[in-house]
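These protein sequence lines are chains A and B, in that order. Here the first sequence stands for residues 7 to 342, numbered as in my numbering. Here the second sequence stands for residues 7 to 342, numbered as in my numbering. Below: the structure, in structure tokens.
2 protein chains.
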Amino acid sequence: MVTIADVAKHAGVSPSTVSYVLSGKRSISEQTRSRVEESISALGYHPHAGARSLASSRANVIALVLPLRTDMHVPILMQFATSVVTAAREHDHDVLLLTNDEGPDGLRRVARSALVDAVIVMDIELNDSRVPVLREVGLPAVLIGFPADPAGLTCVDWDFVAAAARCVDHLADLGHREIAFIGPPSAVFARGTGFAQRTTSGFESAVARRGVRATVRPCDPSHSAVRDTVKRLFDDHPALTGLIVHNEAAVAPLLETLRGLGRHVPQHVSVVAMCPEDLAGQVSPRLTAVPIPAEEIGRRAVELLMGKLERAAGVPPATLIAPHLLPGESTAAPPA
Amino acid sequence: MVTIADVAKHAGVSPSTVSYVLSGKRSISEQTRSRVEESISALGYHPHAGARSLASSRANVIALVLPLRTDMHVPILMQFATSVVTAAREHDHDVLLLTNDEGPDGLRRVARSALVDAVIVMDIELNDSRVPVLREVGLPAVLIGFPADPAGLTCVDWDFVAAAARCVDHLADLGHREIAFIGPPSAVFARGTGFAQRTTSGFESAVARRGVRATVRPCDPSHSAVRDTVKRLFDDHPALTGLIVHNEAAVAPLLETLRGLGRHVPQHVSVVAMCPEDLAGQVSPRLTAVPIPAEEIGRRAVELLMGKLERAAGVPPATLIAPHLLPGESTAAPPA
DNA sequence: CAGGGAAGTCGAAGCGCTTCGACTATCCGG
DNA sequence: CCGGATAGTCGAAGCGCTTCGACTTCCCTG
Chain A
7 MVTIADVAKH AGVSPSTVSY VLSGKRSISE QTRSRVEESI SALGYHPHAG
57 ARSLASSRAN VIALVLPLRT DMHVPILMQF ATSVVTAARE HDHDVLLLTN
107 DEGPDGLRRV ARSALVDAVI VMDIELNDSR VPVLREVGLP AVLIGFPADP
157 AGLTCVDWDF VAAAARCVDH LADLGHREIA FIGPPSAVFA RGTGFAQRTT
207 SGFESAVARR GVRATVRPCD PSHSAVRDTV KRLFDDHPAL TGLIVHNEAA
257 VAPLLETLRG LGRHVPQHVS VVAMCPEDLA GQVSPRLTAV PIPAEEIGRR
307 AVELLMGKLE RAAGVPPATL IAPHLLPGES TAAPPA
Chain B
7 MVTIADVAKH AGVSPSTVSY VLSGKRSISE QTRSRVEESI SALGYHPHAG
57 ARSLASSRAN VIALVLPLRT DMHVPILMQF ATSVVTAARE HDHDVLLLTN
107 DEGPDGLRRV ARSALVDAVI VMDIELNDSR VPVLREVGLP AVLIGFPADP
157 AGLTCVDWDF VAAAARCVDH LADLGHREIA FIGPPSAVFA RGTGFAQRTT
207 SGFESAVARR GVRATVRPCD PSHSAVRDTV KRLFDDHPAL TGLIVHNEAA
257 VAPLLETLRG LGRHVPQHVS VVAMCPEDLA GQVSPRLTAV PIPAEEIGRR
307 AVELLMGKLE RAAGVPPATL IAPHLLPGES TAAPPA
């Protein structure tokens, strides 16, 4: 193994000088710096992570806690994870993967053993058991999602309220007067996931503001459940012309059902989806969507975390990522 | 921070004794052991990971390299990842997540910096650029998938040859005489992914063995591509009664297309899927499937890796996970 | 031209742990 | 009753790195 002492010898300087070249914490003459850098690449030197962590009490590793049992759409989870890894690497950090089956103890363990410097916790529930642990161990953390009491925590999430409102506005602007919201399964609401409730409330205040008649329906993603929900919706509300769907798995069955019912999109009924951009593009017709910016949320979470690690102060406690509408071919003015 | 010295003082022993209690590398009297263990939990002691790694040159961390740009089905990837994390934790190891955008250099970095002890590399291509790096740094590794030259490496994968054959046998046993194989997009073949070719060859030797007429078609997962492929298939082969699909994303469009064509499953045509178990169960009718055992592959990969870390020898170079057939409602005898 | 600060470098002291050799006590067979 | 295992414990030497204080130049300012 190549050590810092080997590099120092090779470059004719002391080990501490090599360390300062690497960290930039003291000024180094241009001449020395380049000599050291040459030695480093000549010898293929990589600092020993453990030694570094021991001496500096900084591991340069962050933990990412993924939900295991999840009602979340898996590809979104994956997008989060990869964007977190990519962003972390840009800040010279690595990512340790933690799942929830170790429970809150996993957090305690990695924090106390100094395996990681900080943590990103995904899929925060309103009453999340991991939050007290976070406060207890004092580990710098960024939460994706908001718990019931976010005091003292740093949270980031998509602005679900604004996203739902954006969907309503789009349909109302086109002239729709009666619309419906097809949401996640009722289990998601029951579990106390904040985003589902925020989406619903965003939807409801927007329809009130726009004076549009509206219905909200939770929906299981199975083909038959979607078919039942949609049929019932049209039976109860014959004047319905606009649908907002916030349930990735229900998107394809929904379109198929509408096709089966002979209701053409967008001629008879308009559909707006809150779903990943690629899903919206894959189906036919291409959906008008307010896409969930998983990549941006992951990146922002990392940046907030790096801010906490470096400056400790001045990091905003709440960050809401603004939604935007991606026009597709699934929305149009309602039939006259 | 609580150190081993604190624990030692609290228990009235030397630090080395505490270390031996923890590692079990020397015998300790029952009395001393329990006193030390009490002190550990009383103080909430967790060994410092960096110090441990420095002193023992074992980080107790393994790296998991996920494909970034991937034609793989994302939920499967996720199942792999979580099963790797779970299995690793059972062996007292953590998992560092690496994506491919850092390229082979990422492997070199984590190996040389002793950040990880070993690595699991997923989605191995026939001519994978990461394989030479693995050989170069001498990092214990388990590959999921097989490169063209697996000499000296430890690989594990599903037995795609047997899986395809199992599908053929099932249809042939039911009496089907003309079947077709709907595979991944041709891009996957072009990329040199071993599993696609092994599946095809498993299919072809099985149909030869069973004397069944057969066609192989790669297929993009888009709705229209599936429709075109299926239509063409039936035009060219009017006697076709059995379909094997090895393309997760194409499953739903395929069923919808068949429904659209008025070909009932399984009365007119039988369908067998090589796909995750949950996907097979979600669609209607429930598919007869040869499910990809992602969880088992991940677990086996970890176990092989632990074997290499502990014993260094006696680890089998190639492990093939046997397929099994999961009966559903999508297969039956062909129409008379 | 003296004095002070900045720039550049070094030596040494740890960071918290593992592990090796050494030491004592105990027990066994001849 | 003695020599030699065996069990149980300790002290000390690092593992490779960062960082602090100290030292030497050199340059600028009054």
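Backbone N, C-alpha and C define an ideal beta-carbon position, used for all residues, glycine too.
### Query
Do residue 214 of chain B and the ligand HEM come close, with the Cβ less than 7 Å from some heavy atom?
By its list of ligands, the structure shown contains no ligand whatsoever, and the ligand HEM lies outside what it can speak to.
### Message
Looking at residue 70 of chain B: is its Cβ nearer than 8 Å to the Cβ of residue 130 of chain B?
### Response
If you number the second sequence from 1, residue 70 of chain B lands on position 64. If you number the second sequence from 1, residue 130 of chain B lands on position 124. No; because the gap between Cβ atoms is not below 8 Å, this pair is not in contact.
### Query
Tell me which same chain residues have a C-beta within less than 6 Å of the C-beta of residue 272 of chain B, skipping the five on either side of it?
Within the second sequence, residue 272 of chain B is the residue found at index 266, counting from 1. The residues are 336, 337 and 338.
#### Entry: Beta-carbon neighbours of residue 228 of chain A, restricted to chain B and to distances below 7 Å
Locating residue 228 of chain A in the first sequence gives position 222, counting from the first residue. Those are 288, listed as they occur along chain B.
### Query
Grouping DSSP H, G and I as helix and E and B as strand, with all else coil, what is residue 269 of chain B?
Your numbering for residue 269 of chain B matches position 263 in the second sequence. Note: residue 269 of chain B maps to coil in three-state DSSP.
### Query
Would a check of beta-carbon distances place residue 81 of chain A closer than 8 Å to chain B?
What you label residue 81 of chain A is simply residue 75 of the first sequence in a count that begins at 1. Yes, because at least one Cβ of chain B sits closer than 8 Å to the Cβ of residue 81 of chain A.
### Task
Can you give me the start and stop residues for the alpha helix (DSSP H) that residue 11 of chain A sits inside?
As a working note, residue 11 of chain A is residue 5 in the first sequence. Looking at the DSSP string, the run of the alpha helix (DSSP H) that includes residue 11 of chain A is 10 to 17.
### Message
Per the DSSP calculation, residue 71 of chain A is bridged to which residue(s)?
### Response
As a first step, residue 71 of chain A must be located in the first sequence, where it is residue number 65. Residue 71 of chain A pairs with A/104 and A/127.
### Task
Compare the C-alpha of residue 193 of chain B against each of B/282, B/317, B/213 and B/253 and name the closest.
Position 187 of the second sequence, counted from the first residue, corresponds to residue 193 of chain B. Nearest of B/282, B/317, B/213 and B/253 to residue 193 of chain B, Cα basis: B/253.
### Message
Tell me which residue opens and which closes the alpha helix (DSSP H) that residue 44 of chain B is part of.
### Response
By 1-based counting over the second sequence, the position of residue 44 of chain B is 38. Element bounds for residue 44 of chain B: 36 to 49.
### Query
Nearest to residue 247 of chain A by alpha carbon, out of A/187, A/262 and A/195?
Position 241 of the first sequence, counted from the first residue, corresponds to residue 247 of chain A. When each option's Cα is compared against that of residue 247 of chain A, the closest is A/187.
#### Entry: Within the segment 304 to 332 of chain B, ranges of the beta strand (DSSP E) (whole runs, at least 3 residues)
324 to 327
#### Entry: Chain-ordered neighbours of residue 91 of chain A on chain B, where CB pairs are closer than 8 Å
Numbered from its first residue, the first sequence carries residue 91 of chain A at position 85. Near residue 91 of chain A (Cβ distances below 8 Å), the residues of chain B are 103, 104 and 105.
### Query
Using the beta-carbon of each residue, which ones in chain B are nearer than 8 Å to residue 262 of chain A?
Within the first sequence, residue 262 of chain A is the residue found at index 256, counting from 1. Near residue 262 of chain A (Cβ distances below 8 Å), the residues of chain B are 262.
### Task
Please determine if the segment 212 to 230 of chain A and the segment 166 to 174 of chain A are in contact, where contact requires at least 3 C-beta pairs separated by less than 8 Å.
yes
### Query
residue 121 of chain B touches chain A at which residues, Cβ-Cβ below 7 Å?
Indexing the second sequence from 1 puts residue 121 of chain B at position 115. Neighbours of residue 121 of chain B on chain A, chain order: 55 and 100.
### Message
Classify residue 63 of chain A: buried if its beta carbon has 16 or more other beta carbons within 10 angstroms, exposed otherwise.
### Response
By 1-based counting over the first sequence, the position of residue 63 of chain A is 57. So residue 63 of chain A ends up on the exposed side.
### Message
Three Cβ pairs or more, each shorter than 8 Å: is that satisfied between the segment 253 to 263 of chain A and the segment 302 to 318 of chain A?
### Response
no
### Task
Less than 8 Å between the CB atoms is what I'm expecting for residue 114 of chain A and residue 143 of chain A, so what's the real figure, rounded?
If you number the first sequence from 1, residue 114 of chain A lands on position 108. If you number the first sequence from 1, residue 143 of chain A lands on position 137. Sure, about 6 Å apart at Cβ, within 8 Å.
### Query
What distance in whole Å lies between the Cβ atoms of residue 49 of chain B and residue 107 of chain B, which are believed to be in contact at a cut-off of 8 Å?
For the purposes of this step, residue 107 of chain B is taken as residue 101 along the second sequence, with counting starting at 1. For the purposes of this step, residue 49 of chain B is taken as residue 43 along the second sequence, with counting starting at 1. Not a contact, Cβ separation roughly 42 Å.
### Query
Is it the case that the Cβ atoms of residue 1 of chain B and residue 256 of chain B are separated by a distance below 8 Å?
Given a span of 7 to 342 for chain B in the structure shown, any question on residue 1 of chain B remains unanswerable.
### Task
My understanding is that residue 296 of chain A touches residue 169 of chain A, with C-beta atoms under 8 Å, so please give their C-beta distance in whole angstroms.
Numbered from 1 along the first sequence, position 290 holds the residue referred to as residue 296 of chain A. Numbered from 1 along the first sequence, position 163 holds the residue referred to as residue 169 of chain A. Contact holds; Cβ gap of about 5 Å.
#### Entry: Min CB distance residue 193 of chain B to chain A below 8 Å
In the second sequence, counting from the first residue as 1, residue 193 of chain B sits at position 187. No, its Cβ sits nowhere closer than 8 Å to a Cβ of chain A.
### Message
Less than 6 Å between C-beta atoms, sequence neighbours within five positions excluded: which residues of the same chain meet that for residue 283 of chain A?
### Response
Your numbering for residue 283 of chain A matches position 277 in the first sequence. Cβ neighbours of residue 283 of chain A beyond the five flanking positions: 297.
#### Entry: Neighbour list for residue 52 of chain B in chain A, Cβ cutoff strictly below 7 Å
For the purposes of this step, residue 52 of chain B is taken as the residue at position 46 of the second sequence. Chain A residues near residue 52 of chain B: 115, 118 and 119.
### Query
How many Å lie between residue 88 of chain A and residue 95 of chain B at the Cα?
Within the first sequence, numbered from 1, the residue matching residue 88 of chain A stands at position 82. Within the second sequence, numbered from 1, the residue matching residue 95 of chain B stands at position 89. Taking the straight line from one Cα to the other gives about 21 Å.
### Task
Decide if residue 299 of chain A is buried, meaning its Cβ has at least 16 other Cβ atoms within 10 Å, or exposed.
By one-based count along the first sequence, residue 299 of chain A stands at place 293. It counts as buried.
### Task
Using a Cβ-Cβ cut-off of less than 7 Å, list which residues of the segment 21 to 46 of chain A approach chain B; keep chain order.
none
### Query
In the DSSP assignment, what are the bridge partners of residue 187 of chain A?
In the first sequence, counting from the first residue as 1, residue 187 of chain A sits at position 181. For residue 187 of chain A, which the question treats as bridged, DSSP gives the partners A/222 and A/250.
#### Entry: Where residue 208 of chain B falls, given that 16 or more other Cβ within 10 Å makes a residue buried
Along the second sequence, read from residue 1 onward, the residue named residue 208 of chain B stands at position 202. Looking at its Cβ environment, which holds 16 or more other Cβ atoms inside 10 Å, residue 208 of chain B is buried.
### Query
Is DSSP giving residue 173 of chain B helix, strand or coil here?
Locating residue 173 of chain B in the second sequence gives position 167, counting from the first residue. Residue 173 of chain B: helix per DSSP, three-state reduction.
### Task
Report the neighbours of residue 84 of chain B on chain A: residues whose CB is nearer than 8 Å to its CB, in chain order.
Here residue 84 of chain B is taken as the residue at index 78 of the second sequence, counted from 1. Correct list: 80, 83 and 84.
### Query
Would residue 135 of chain A pass as a contact of residue 110 of chain A if the rule is Cβ separation under 8 Å?
Counted from its first residue, the first sequence places residue 135 of chain A at position 129. Counted from its first residue, the first sequence places residue 110 of chain A at position 104. Yes; because the gap between Cβ atoms is below 8 Å, this pair is in contact.
### Task
Let me know the secondary structure DSSP gives residue 162 of chain B once reduced to three states.
Residue numbering aside, residue 162 of chain B sits at position 156 when the second sequence is read from its first letter. Three-state result, residue 162 of chain B: strand.
### Message
Within 10 Å of its beta-carbon, does residue 342 of chain A have 16 or more other beta-carbons around it, so buried, or fewer, so exposed?
### Response
Walking along the first sequence from the start, residue 342 of chain A turns up at place 336. Counting Cβ neighbours within 10 Å, residue 342 of chain A comes out exposed, since fewer than 16 surround it.
### Query
Going by the CB atoms, is the gap between residue 249 of chain B and residue 185 of chain B shorter than 8 Å?
Residue 185 of chain B sits at position 179 when you count from the first residue of the second sequence. Residue 249 of chain B sits at position 243 when you count from the first residue of the second sequence. Yes, the Cβ-Cβ distance between residue 185 of chain B and residue 249 of chain B is below 8 Å.
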